[in-house]
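Peer 1: Chains A and B are the protein sequences, given in the same order.
The first sequence lines up with residues 1 to 250 when you count with UniProt numbering.
The second sequence lines up with residues 1 to 250 when you count with UniProt numbering.
From the three backbone atoms N, C-alpha and C, an ideal C-beta is built for every residue, glycine too.
Note that this is a predicted model, so its numbers are computed, not measured.
Protein chains: 2
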Amino acid sequence: MTDKKYRTPDGYTADISVFTILTEELKAFTPPIMSLKIMLIKRADLTIEGDANIEAGKWALPGGFVQPDEDAYQAAERELTEETGITGIHMKHFGVYDKPGRDPRGWIISNAHYAIVPEHHLLKRKASDDADQVELFSVDEALQFDLAFDHKQIIKAAVSVITREILQTTAAKNFLPKEFTYSELQAVLSTVTKDSAILNEQAFARKIKALPFIELVEGKTTQRTSKKGAKLYRFNNMEILKPIYTARYN
Amino acid sequence: MTDKKYRTPDGYTADISVFTILTEELKAFTPPIMSLKIMLIKRADLTIEGDANIEAGKWALPGGFVQPDEDAYQAAERELTEETGITGIHMKHFGVYDKPGRDPRGWIISNAHYAIVPEHHLLKRKASDDADQVELFSVDEALQFDLAFDHKQIIKAAVSVITREILQTTAAKNFLPKEFTYSELQAVLSTVTKDSAILNEQAFARKIKALPFIELVEGKTTQRTSKKGAKLYRFNNMEILKPIYTARYN
DNA sequence: TTAACAATTATCATTTTGTTAATTATATAT
DNA sequence: ATATATAATTAACAAAATGATAATTGTTAA
Numbered sequence: 001m002t003d004k005k006y007r008t009p010d011g012y013t014a015d016i017s018v019f020t021i022l023t024e025e026l027k028a029f030t031p032p033i034m035s036l037k038i039m040l041i042k043r044a045d046l047t048i049e050g051d052a053n054i055e056a057g058k059w060a061l062p063g064g065f066v067q068p069d070e071d072a073y074q075a076a077e078r079e080l081t082e083e084t085g086i087t088g089i090h091m092k093h094f095g096v097y098d099k100p101g102r103d104p105r106g107w108i109i110s111n112a113h114y115a116i117v118p119e120h121h122l123l124k125r126k127a128s129d130d131a132d133q134v135e136l137f138s139v140d141e142a143l144q145f146d147l148a149f150d151h152k153q154i155i156k157a158a159v160s161v162i163t164r165e166i167l168q169t170t171a172a173k174n175f176l177p178k179e180f181t182y183s184e185l186q187a188v189l190s191t192v193t194k195d196s197a198i199l200n201e202q203a204f205a206r207k208i209k210a211l212p213f214i215e216l217v218e219g220k221t222t223q224r225t226s227k228k229g230a231k232l233y234r235f236n237n238m239e240i241l242k243p244i245y246t247a248r249y250n
Numbered sequence: 001m002t003d004k005k006y007r008t009p010d011g012y013t014a015d016i017s018v019f020t021i022l023t024e025e026l027k028a029f030t031p032p033i034m035s036l037k038i039m040l041i042k043r044a045d046l047t048i049e050g051d052a053n054i055e056a057g058k059w060a061l062p063g064g065f066v067q068p069d070e071d072a073y074q075a076a077e078r079e080l081t082e083e084t085g086i087t088g089i090h091m092k093h094f095g096v097y098d099k100p101g102r103d104p105r106g107w108i109i110s111n112a113h114y115a116i117v118p119e120h121h122l123l124k125r126k127a128s129d130d131a132d133q134v135e136l137f138s139v140d141e142a143l144q145f146d147l148a149f150d151h152k153q154i155i156k157a158a159v160s161v162i163t164r165e166i167l168q169t170t171a172a173k174n175f176l177p178k179e180f181t182y183s184e185l186q187a188v189l190s191t192v193t194k195d196s197a198i199l200n201e202q203a204f205a206r207k208i209k210a211l212p213f214i215e216l217v218e219g220k221t222t223q224r225t226s227k228k229g230a231k232l233y234r235f236n237n238m239e240i241l242k243p244i245y246t247a248r249y250n
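(1) Between A/L241, A/K152, A/E179 and A/A75, which lies nearest to A/P212 when the distance is taken from Cα to Cα?
(2) Going by beta carbon distance, what residues of the same chain come within less than 6 Å of A/I89, once the five residues before and after it are set aside?
(3) Does any C-beta atom of chain B lie closer than 8 Å to the C-beta of A/R164?
(4) Under 8 Å, do A/I154 and A/D10 count as touching if we go by C-beta distance?
(5) Give the interface partners of A/D150 over in chain B, defined as CB-CB distance under 8 Å, in chain order.
(6) Which runs of the beta strand (DSSP E), 3 residues or longer, sit entirely within the segment 11-35 of chain B?
(7) Let me know if A/Q168 comes out buried or exposed under the rule of 16 or more other beta-carbons within 10 Å of its beta-carbon.
(8) Assuming B/G63 and B/T13 make a contact with CB atoms under 8 Å, what is their CB distance in whole Å?
(9) Applying a beta-carbon distance threshold of less than 9 Å, which residues of chain A neighbour B/A72?
(10) Taking 8 Å as the threshold (beta carbon to beta carbon), is B/K194 in contact with chain A?
(11) Determine whether the Cβ of A/T191 lies closer than 8 Å to any Cβ atom of chain B.
(12) Mapping DSSP to helix, strand and coil, what is B/S190?
(13) In the DSSP assignment, the beta strand (DSSP E) including B/V233 goes from what residue to what residue?
(14) Looking only at C-alpha atoms, which of A/D71, A/T84 and A/E25 sits nearest to A/H121?
(15) Out of A/A112, A/E239 and A/G101, point me to the one whose CA is closest to A/A75's CA.
(16) Distance, Cα to Cα, B/P243 vs A/I198?
(17) Can you tell which of B/E70, B/A171, B/E201 and B/W59 has its C-alpha closest to the C-alpha of B/E141?
(18) DSSP three-state label for A/L199, please.
(19) Nearest to B/V217 by CA position, among B/I86, B/K42 and B/F180, is which residue?
(20) Taking the straight line between their C-alpha atoms, what separation do you get for B/W107 and A/D69?
(21) Could you tell me which chain A residues have their CB closer than 9 Å to the CB of B/Q168, listed as they occur along the chain?
(22) Quick one: what's got a C-beta closer than 6 Å to B/T225's C-beta in the same chain, skipping five residues either side?
(23) Along the chain, where does the alpha helix (DSSP H) containing A/I154 start, and where does it finish?
(24) What residues in its chain sit with their C-beta under 6 Å from that of A/E25, if we drop five residues either side in the sequence?
(25) Can you give the beta carbon distance from B/D195 to A/T246, rounded, assuming they're within the 8 Å contact cut?
(26) Alpha carbon to alpha carbon, how far is B/L185 from B/L36?
(27) Could you check whether the Cβ of A/Y249 sits closer than 8 Å to any Cβ belonging to chain B?
(28) Step through the CB atoms of chain B and report whether any lies within less than 8 Å of the CB of residue 252 of chain A.
(29) May I have the straight-line CA-CA distance separating B/T193 from A/F29, to the nearest angstrom?
(30) So A/F235 packs on A/I21, CB below 8 Å; how close in whole Å?
(31) Alpha carbon to alpha carbon, how far is A/L46 from A/A148?
(32) Look up A/N111 in the DSSP assignment and say whether it is helix, strand or coil.
(33) Would you say B/L211 reaches chain A, if we count a Cβ-Cβ gap shorter than 8 Å as a contact?
(34) Kindly indicate which residue of A/F94, A/K228 and A/K178 has the alpha-carbon position closest to the one of A/R164.
(35) Cutting at 8 Å between CB atoms, please list the residues of its own chain near B/D129, excluding the five before and the five after it.
(36) So which residues of chain A does B/K207 contact, with C-beta pairs closer than 8 Å?
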């Protein structure tokens, strides 16, 4: 492939917007208060080869070049593991950023992925070596930084995609333990919506029993969120596609 | 960029799954019967340079290599215009196909896009020169062919994406004239759903008046679909995000 | 013993839906 | 001219879901 009739890119990378939903307050017998966080890394001053690094010192999305034997998805998985020690989580490709000029090093294509990481996986991260370069920020905080490359644009797109995914698919399961209470689910959903039918306790407690993709765990309760004890629910494997044309608007 | 520490792809392409919704039967004063179609091209025996073409004779998605001065999205737009003469339509990127081995010519990355083309734009296509190599097929037909490369997989993903988009966003507008009747909207939606609340006339006629993203065109009717004349509706620019957690299931 | 509190159930008026039927307006066939 | 067929639309009413507010339950901790 030497005499090419077409242009070849100068680099092919995979970036990952790692989201987690952190429990801000965790008191015994109390429903959690959660917030949506994104993981950023601070770019090093020097490359591994010892050269001055591009966009050094700026906060950026984790990611890196795709290796010869892998595709972008595998590269994203590998980078995520290297950065955080996390494996086997929910990750998806959601966009390509390939505008000429987006990276001063040349025509570098970024495959943007997002990942949903349950909170408890992050305990490992805290113990890892370069944890001082990796931080979680609320989305609002993150967007106020002077981020590297076009990462501000990528993050905005990722937030929009993940919001839609949490509300219109069963992706919330990736932020929850296998068995959860209604208030835990409510806490996850409330990080991305203000819908009163979800925020209102009574309405949501009634509704959860009618959702075909959630089932009650029979004869089992937890005191995680209440002294009285609360029923446990789990997602079954039903996937839902509800048209906006049949929803209620009032 | 000669001494690279990372692999560079052998080619960077953009493929487009062009969907249209064709009116199968169009009698005067009668609601249309529509079906979802995808556009395929038959790959030529020879390349422009006169060499034997890869995957020659097979049906494939339109697309081609990204040029040096454009990104994949612009390439998809350009290819679509070259193939069909269509401009200014709804097109989106939905996936990357970059598995090593997917293209025998090397490590060729495909950026998969889908486009939604209103029927009336296609009349131009019929008049174009190489129309004999371009055909519309129902999705079921298309998936039975021995398609080039991994295009079967790409098409399946595209259908899933477009179904979700038509039902959960206002993308149906791209298959309809600016002002449309309830039965025309119903015909579009029925190509991707069997939901009885949409298929049932009375229920849907009642519902359309309550949808916040659709408004009545005052004092204007059409006889396109009925001798009696039917009210006209239009989409306003409201975008909707309805959680599955607040929908009705019965 | 009691206050506090999350979870859950109860109540009831209001709204929406499912279902079936009736009405309307008009082109076409007779 | 008149009747017929047909799509759009409205009507009617029982059944179901929702909104709003209140009451009940079970447990810990003061």
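Peer 2: According to the data block:
(1) Counting from one through the first sequence, the residue named residue 212 of chain A turns up at place 212. The shortest Cα separation from A/P212 among A/L241, A/K152, A/E179 and A/A75 belongs to A/L241.
(2) On the first sequence, residue 89 of chain A is found 89 positions in, with the first residue counted as 1. Once the five neighbours on either side are set aside, the close Cβ partners of A/I89 are A115 and V117.
(3) Within the first sequence, the letter at position 164 stands for residue 164 of chain A. By this cut-off, A/R164 is an interface position.
(4) What you label residue 154 of chain A is simply residue 154 of the first sequence in a count that begins at 1. What you label residue 10 of chain A is simply residue 10 of the first sequence in a count that begins at 1. The answer is no: Cβ separation not under 8 Å.
(5) Taking the first sequence and counting its residues from 1, the one referred to as residue 150 of chain A is at position 150. Those do not exist, as A/D150 stays about 12 Å from chain B at its closest Cβ, beyond 8 Å.
(6) 11-25
(7) Taking the first sequence and counting its residues from 1, one reaches residue 168 of chain A at position 168. Label assigned to A/Q168: buried.
(8) Against the second sequence, residue 63 of chain B aligns to sequence position 63. Against the second sequence, residue 13 of chain B aligns to sequence position 13. At roughly 6 Å, the Cβ-Cβ gap stays under 8 Å, so B/G63 and B/T13 are in contact.
(9) For this step, residue 72 of chain B is matched to residue 72 along the second sequence. By Cβ distance, chain A contributes V96, D98 and I109.
(10) On the second sequence, position 194 is the one that residue 194 of chain B refers to. No - not a single Cβ of chain A is within 8 Å of the one on B/K194.
(11) Indexing the first sequence from 1 puts residue 191 of chain A at position 191. Not one chain B Cβ lies under 8 Å of A/T191.
(12) Taking the first residue of the second sequence as position 1, residue 190 of chain B is located at position 190. The answer is coil: DSSP assigns B/S190 none of H, G, I, E or B.
(13) Taking the second sequence and counting its residues from 1, one reaches residue 233 of chain B at position 233. In the sequence under discussion, the amino acid at residue 233 of chain B is Tyr, which differs from the Val named in the question. Run containing B/Y233: A230 to F235, per the beta strand (DSSP E) assignment.
(14) Taking the first residue of the first sequence as position 1, residue 121 of chain A is located at position 121. Of the candidates A/D71, A/T84 and A/E25, the one whose C-alpha sits nearest the C-alpha of A/H121 is A/T84.
(15) Looking up residue 75 of chain A in the first sequence gives position 75. Of A/A112, A/E239 and A/G101, the residue nearest in Cα terms is A/A112.
(16) Position 243 of the second sequence holds residue 243 of chain B. Position 198 of the first sequence holds residue 198 of chain A. Rounded to the nearest angstrom, the two C-alpha atoms are 9 Å apart.
(17) On the second sequence, residue 141 of chain B is found 141 positions in, with the first residue counted as 1. Here the closest residue by C-alpha is B/W59.
(18) Counting from one through the first sequence, the residue named residue 199 of chain A turns up at place 199. In this structure, A/L199 counts as helix in the three-state DSSP scheme.
(19) For the purposes of this step, residue 217 of chain B is taken as the residue at position 217 of the second sequence. Checked all of B/I86, B/K42 and B/F180; the closest Cα to B/V217 is B/F180.
(20) Translated into the one-based positions of the second sequence, residue 107 of chain B becomes position 107. Translated into the one-based positions of the first sequence, residue 69 of chain A becomes position 69. About 10 Å.
(21) Stepping through the second sequence from its first residue, residue 168 of chain B is reached at position 168. Those within 9 Å of B/Q168 in chain A are R164, Q168, L241, K242, P243 and I244.
(22) The residue given as residue 225 of chain B occupies position 225 in the second sequence. Result list for B/T225: P31, T181 and S183, in chain order.
(23) Position 154 of the first sequence, counted from the start, is the residue given in the question as residue 154 of chain A. Run containing A/I154: H151 to Q168, per the alpha helix (DSSP H) assignment.
(24) The sequence position of residue 25 of chain A within the first sequence is 25, counting from 1. Cβ neighbours of A/E25 beyond the five flanking positions: I33.
(25) As a position in the second sequence, residue 195 of chain B is number 195, starting the count at 1. As a position in the first sequence, residue 246 of chain A is number 246, starting the count at 1. Between A/T246 and B/D195 the Cβ distance is about 6 Å, and since that is below 8 Å, they are a contact.
(26) In the second sequence, residue 185 of chain B corresponds to position 185, counting from 1. In the second sequence, residue 36 of chain B corresponds to position 36, counting from 1. The straight-line gap from Cα to Cα measures roughly 14 Å.
(27) Reading the first sequence from its first residue, position 249 is the one you call residue 249 of chain A. Chain B contact via Cβ: present.
(28) The displayed coordinates of chain A run from 1 to 250. Any statement about residue 252 of chain A would go beyond what the structure contains.
(29) Looking up residue 193 of chain B in the second sequence gives position 193. Looking up residue 29 of chain A in the first sequence gives position 29. Near 44 Å, if we compare the C-alpha coordinates of A/F29 and B/T193.
(30) Within the first sequence, the letter at position 235 stands for residue 235 of chain A. Within the first sequence, the letter at position 21 stands for residue 21 of chain A. At roughly 16 Å, the Cβ-Cβ gap does not stay under 8 Å, so A/F235 and A/I21 are not in contact.
(31) Numbered from its first residue, the first sequence carries residue 46 of chain A at position 46. Numbered from its first residue, the first sequence carries residue 148 of chain A at position 148. For A/L46 and A/A148, the distance between alpha carbons rounds to 15 Å.
(32) Along the first sequence, one-based indexing puts residue 111 of chain A at 111. If DSSP states are grouped into helix, strand and coil, A/N111 belongs with the strands.
(33) Stepping through the second sequence from its first residue, residue 211 of chain B is reached at position 211. It does: the Cβ of B/L211 has a partner Cβ on chain A nearer than 8 Å.
(34) Position 164 of the first sequence, counting from 1, holds the residue named residue 164 of chain A. Nearest option by C-alpha distance: A/F94.
(35) Locating residue 129 of chain B in the second sequence gives position 129, counting from the first residue. Because B/D129 sits at a pLDDT of 45, beneath the cut-off of 50, its placement in the model cannot be relied upon, and the point is left open.
(36) One-based indexing of the second sequence puts residue 207 of chain B at position 207. Within 8 Å Cβ-Cβ: Y245 and T246.
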